[in-house]
Amino acid sequence: MIPEFLKVAICVIAEEYEELLDKLPSDIQVFTILQSGLGNFEIRLQSTTFQRFTDLISLDIQGIDYNESLKKNLTIQQKKLGGIILSVDSLYPLGLNLLYLNLERVKLTSLSATKRNKANLVIKPMNTVTNDENENKQLLNNISQSIGHRLIFLSQQNNGESDDKEILPYDVYKQEMEGYKETVGLFTGLGALTHLRIYDCDLKDISWHMFDGLNSLIHLSLEKNNLKFIPEFCFYGTPNLKVLSLANNQLLTLKSVDLAGLLMLENLDLRRNNLTFLSELSFPPFPMLKIADFRENPLDSIFPSTFEIMNTTLNLYLGGEDSKLYLQKNSFLGLCHLQILYLYNLKILVLERFIFQGMPELLQLKVQGNISSIEFDAFIDLIKLIDLNLSNCHIRKISMDAFYGLQNVKRIDLSNNELEFIPPGLFGIEQQKQLREIILSQNKLTSLPIDFFKMLRIPSRQQFDFAIVRLDGNPWDCTCLMFTWNPHLVNRLRETAPRCSTPKKLKNWGVFHALRKGGLQCRTSKKKHLKKSSIGKYNYEDNIIS
């Protein structure tokens, strides 16, 4: 349990850093190390550096940012020789108490194990237990912790030349394992660690034993490194991990075995990588997953049944600026608990019903991209949808029954599209019983159906339960038919009041200002229409928008 008051030390270190660190009290609990200067000298942190600070709960080490203007003039060689270097044994003394570890722009000592991504399998006859075998088991127990997954890989060193496994002499095996024990990984022994962040540390590859034995780890971030692939079962040694971020790397593909074993994972962040497709072979079971973020990947294909194995996911984010996102039938099948779905840069000629099947609990849908038209019943399977955002989609045509079945939707945003016409009956309180906000800003609309506002009124009431209708940014052709518009819904904000584009004499006039001032000379026709349709009078004097 963390005490109420902590002993904190923040050190800004330069070349003579050893003397400064030696003067620190040994019982500090929160330690931050910041590198100063140009970063053209080496600061090496080893086990002797931290051996006095065994009470540390939190350790934060931040190296020089070479992208800053003052450091950009350094040569590649100077940058290579400078900076903070963390030796492979540096964190050993902190294993008992360290909970939080943050490493930013720190050079991590490379592991010297012969095969960092694979572990050799020793093949021995299945005889009765011998002293040698007991010694072997004891050796393995000393290397690893007793709780959590244990992982052994089969050797792939034969390169297909022979199917026979090499039988390793025990003495050689023991020697290799002793060496493995010494260089198993930078984080070996940090059994209490709960949060680990490695940011911008130029990691080009990682290995399974780098995280093996981190049984208490719940948050792991490897953001902004140079990872291009994830080795198989890489995180199998972190069975209690809840948050994993691999954002801002260069990952090219995912296989189900890469992330296998993360049965407690709740949040997966894979933003800003180079993933081009996702399929049913991309993911292992994630029985606890709640949030999955794949934004800013050049995804051009989401294959059918991709997310069926992620059927507890609540929030899903897909797409990015660099590539069009293409969906197929049943792409979202199995996401039976999904509540929020964001799709960026979606490319589809006609948005049809089969695209959004399989998400009966969806509450919020946001789509941006290029959609030419929306077919009837496109969202009929999203019966619980509350917020529908289709802005910035280049929509030109929409069916009058496109929103049929959305009985719980409260907000529909169609702004920043290319709509020239709103079909009669597209919006109606009889169909969308909870609808309170319609946004049609920044389209190419010149008129609305004559009964547009009438359809938004509950038949048994004269008043509107609506909150707002946004119509600004359209080239409205101001005519006498506009006196059916409801100023109480349209003119909530002066800045968003709709304005006339034609006729020329009324250009840039506020619509209701043109009606009120008589610029359209509609008084006679207005009275006739009001008498015929029994629509109550609107108080235009209270809605002066010039």
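Numbering follows our numbering, with no gaps: position 165 of the sequence shown is 166. C-beta atoms are modelled at their ideal positions from N, C-alpha and C, and glycine is treated no differently.
Work out the CA separation of residue 260 and residue 427 for me, nearest whole Å.
Indexing the sequence shown from 1 puts residue 427 at position 426. Indexing the sequence shown from 1 puts residue 260 at position 259. Whole-angstrom Cα-Cα distance: 45 Å.
Could you give the C-beta distance for residue 1 and residue 265, rounded to a whole number, given that I count them as a contact under 8 Å?
Outside the displayed span of the chain (2 to 547) sits residue 1, for which this structure offers no information.
Return the Cβ separation of residue 548 and residue 500 in integer angstroms, given the expectation that the two are a contact with Cβ distance under 8 Å.
The structure shown does not extend to residue 548, since the chain is modelled only from 2 through 547, so no value can be given for it.
For residue 293, does the three-state DSSP call read helix, strand or coil?
Along the sequence shown, read from residue 1 onward, the residue named residue 293 stands at position 292. Three-state result, residue 293: strand.
Taking Cβ positions, are residue 64 and residue 36 nearer each other than 7 Å?
In the sequence shown, counting from the first residue as 1, residue 64 sits at position 63. In the sequence shown, counting from the first residue as 1, residue 36 sits at position 35. Cβ distance < 7 Å, so residue 64 and residue 36 count as in contact.
Hey, residue 467 and residue 490: beta-carbon distance below 7 Å or not?
The residue labelled residue 467 in the question sits at position 466 within the sequence shown. The residue labelled residue 490 in the question sits at position 489 within the sequence shown. The answer is yes: Cβ separation under 7 Å.
Compute the distance between the beta-carbons of residue 351 and residue 376, then report whether it is under 7 Å.
Position 350 of the sequence shown, counted from the start, is the residue given in the question as residue 351. Position 375 of the sequence shown, counted from the start, is the residue given in the question as residue 376. Contact: yes.
Whole angstroms are fine: how far does the CA of residue 285 sit from the CA of residue 313?
Position 312 of the sequence shown, counted from the start, is the residue given in the question as residue 313. Position 284 of the sequence shown, counted from the start, is the residue given in the question as residue 285. Going from the Cα of residue 313 to the Cα of residue 285 covers about 13 Å.
Which residues mark the beginning and the end of the alpha helix (DSSP H) in which residue 518 is found?
Within the sequence shown, residue 518 is the residue found at index 517, counting from 1. Start and end: 512 to 518.
For residue 431, count neighbouring C-beta atoms within 10 Å of its own C-beta (all shown protein chains included) and say buried if the count is 16 or more, exposed if not.
Your numbering for residue 431 matches position 430 in the sequence shown. Flag for residue 431 reads exposed.
Please report how far the alpha carbon of residue 448 lies from the alpha carbon of residue 484, in whole angstroms.
Position 447 of the sequence shown, counted from the first residue, corresponds to residue 448. Position 483 of the sequence shown, counted from the first residue, corresponds to residue 484. Their backbone Cα atoms lie some 12 Å apart in a straight line.
What three-state label does DSSP hand residue 419 in the structure shown?
The residue given as residue 419 occupies position 418 in the sequence shown. Here residue 419 sits in coil by DSSP.
Taking the continuous alpha helix (DSSP H) assigned at residue 489, which residues delimit it?
Locating residue 489 in the sequence shown gives position 488, counting from the first residue. Taken as a continuous stretch (DSSP letters only), the alpha helix (DSSP H) holding residue 489 covers 488 to 491.
Name the one or two DSSP bridge partners that residue 375 has.
By one-based count along the sequence shown, residue 375 stands at place 374. The partner list for residue 375 (beta bridge, DSSP) reads 352, 399.
Which whole runs of the beta strand (DSSP E) in the region 424 to 503 are 3 residues long or more, in chain order?
Here the runs fully enclosed are 438 to 440, 469 to 471, 501 to 503.
Apart from the five residues on each side of it in sequence, which residues of its chain come closer than 6 Å, Cβ to Cβ, to residue 220?
As a position in the sequence shown, residue 220 is number 219, starting the count at 1. 196, 244, listed in sequence order.
Of all the options 357, 393, 229, which has the alpha carbon lying nearest to the alpha carbon of residue 378?
As a position in the sequence shown, residue 378 is number 377, starting the count at 1. Out of 357, 393, 229, 357 has the C-alpha closest to the C-alpha of residue 378.
Ignore the nearest five residues each way along the sequence and tell me which others in residue 398's own chain have a CB closer than 6 Å to its CB.
In the sequence shown, the residue the question calls residue 398 occupies position 397. Here the set comprises 374.
When you compare the CB positions of residue 10 and residue 42, do they come within less than 7 Å of one another, or not?
Looking up residue 10 in the sequence shown gives position 9. Looking up residue 42 in the sequence shown gives position 41. No, Cβ-Cβ distance for residue 10 and residue 42 is not below 7 Å.
Suppose only complete runs of 3+ residues qualify. What are the beta strand (DSSP E) ranges in the region 233 to 296, listed by chain order?
If we require 3 residues or more, the beta strand (DSSP E) runs fully inside the region 233 to 296 come out as 244 to 246, 268 to 270, 292 to 296.
Buried or exposed: which applies to residue 488, given that a residue is buried once 16 or more other Cβ atoms fall within 10 Å of its Cβ?
For the purposes of this step, residue 488 is taken as residue 487 along the sequence shown, with counting starting at 1. Classification for residue 488: buried.
Residue 225: buried (16+ other C-beta within 10 angstroms of its C-beta) or exposed?
One-based indexing of the sequence shown puts residue 225 at position 224. Result: buried.
In angstroms with no decimal places, state the Cα-to-Cα distance between residue 394 and residue 416.
Within the sequence shown, the letter at position 393 stands for residue 394. Within the sequence shown, the letter at position 415 stands for residue 416. Straight-line Cα distance between these residues: approximately 9 Å.
Decide if residue 85 is buried, meaning its Cβ has at least 16 other Cβ atoms within 10 Å, or exposed.
Locating residue 85 in the sequence shown gives position 84, counting from the first residue. Buried, by the Cβ-count rule.
Going by the beta-carbon positions, is the gap between residue 27 and residue 45 smaller than 7 Å?
As a working mapping, residue 27 is identified with position 26 in the sequence shown. As a working mapping, residue 45 is identified with position 44 in the sequence shown. No.
Can you tell me where the beta strand (DSSP E) with residue 101 in it begins and where it stops?
Mapped onto the sequence shown, residue 101 falls at position 100. First-last of the beta strand (DSSP E) with residue 101: 101 to 105.
Quick check on this structure: which residue in 452, 248, 215 has the alpha carbon closest to the alpha carbon of residue 223?
The residue labelled residue 223 in the question sits at position 222 within the sequence shown. Of 452, 248, 215, the residue nearest in Cα terms is 248.
Using the beta-carbon count (16 or more within 10 Å), is residue 6 buried or exposed?
The sequence position of residue 6 within the sequence shown is 5, counting from 1. Its Cβ having fewer than 16 others within 10 Å, residue 6 is exposed.
Given this structure, state the Cα-to-Cα distance separating residue 363 from residue 186, to the nearest angstrom.
Along the sequence shown, read from residue 1 onward, the residue named residue 363 stands at position 362. Along the sequence shown, read from residue 1 onward, the residue named residue 186 stands at position 185. Taking the straight line from one Cα to the other gives about 43 Å.
Compute every distance between the C-beta of residue 261 and the non-hydrogen atoms of the ligand PLP, then say whether any falls below 6 Å.
In terms of ligand content, the structure shown is empty, and the ligand PLP therefore cannot be addressed.
Could you pull the DSSP bridge partners for residue 408 from this structure?
Taking the first residue of the sequence shown as position 1, residue 408 is located at position 407. Beta-bridge pairing links residue 408 to no other residue.
In terms of residue numbering, what span does the beta strand (DSSP E) encompassing residue 43 cover?
Counting from one through the sequence shown, the residue named residue 43 turns up at place 42. Element bounds for residue 43: 43 to 46.
Taking just the CA atoms, how far does residue 246 sit from residue 276?
Here residue 276 is taken as the residue at index 275 of the sequence shown, counted from 1. Here residue 246 is taken as the residue at index 245 of the sequence shown, counted from 1. Computed Cα separation, rounded: 15 Å.
To the nearest angstrom, how far is the alpha carbon of residue 292 from that of residue 475?
Here residue 292 refers to the residue found at position 291 when the sequence shown is read from its first residue. Here residue 475 refers to the residue found at position 474 when the sequence shown is read from its first residue. Each residue's Cα considered, the two are about 37 Å apart.
Helix, strand or coil: which one does DSSP assign to residue 52?
Counting from one through the sequence shown, the residue named residue 52 turns up at place 51. Note: residue 52 maps to coil in three-state DSSP.
Quick one: measure Cβ to Cβ for residue 413 and residue 383, integer angstroms, because I've assumed they're closer than 8 Å.
One-based indexing of the sequence shown puts residue 413 at position 412. One-based indexing of the sequence shown puts residue 383 at position 382. Actually they are not in contact, since the Cβ atoms of residue 413 and residue 383 sit about 12 Å apart, beyond 8 Å.
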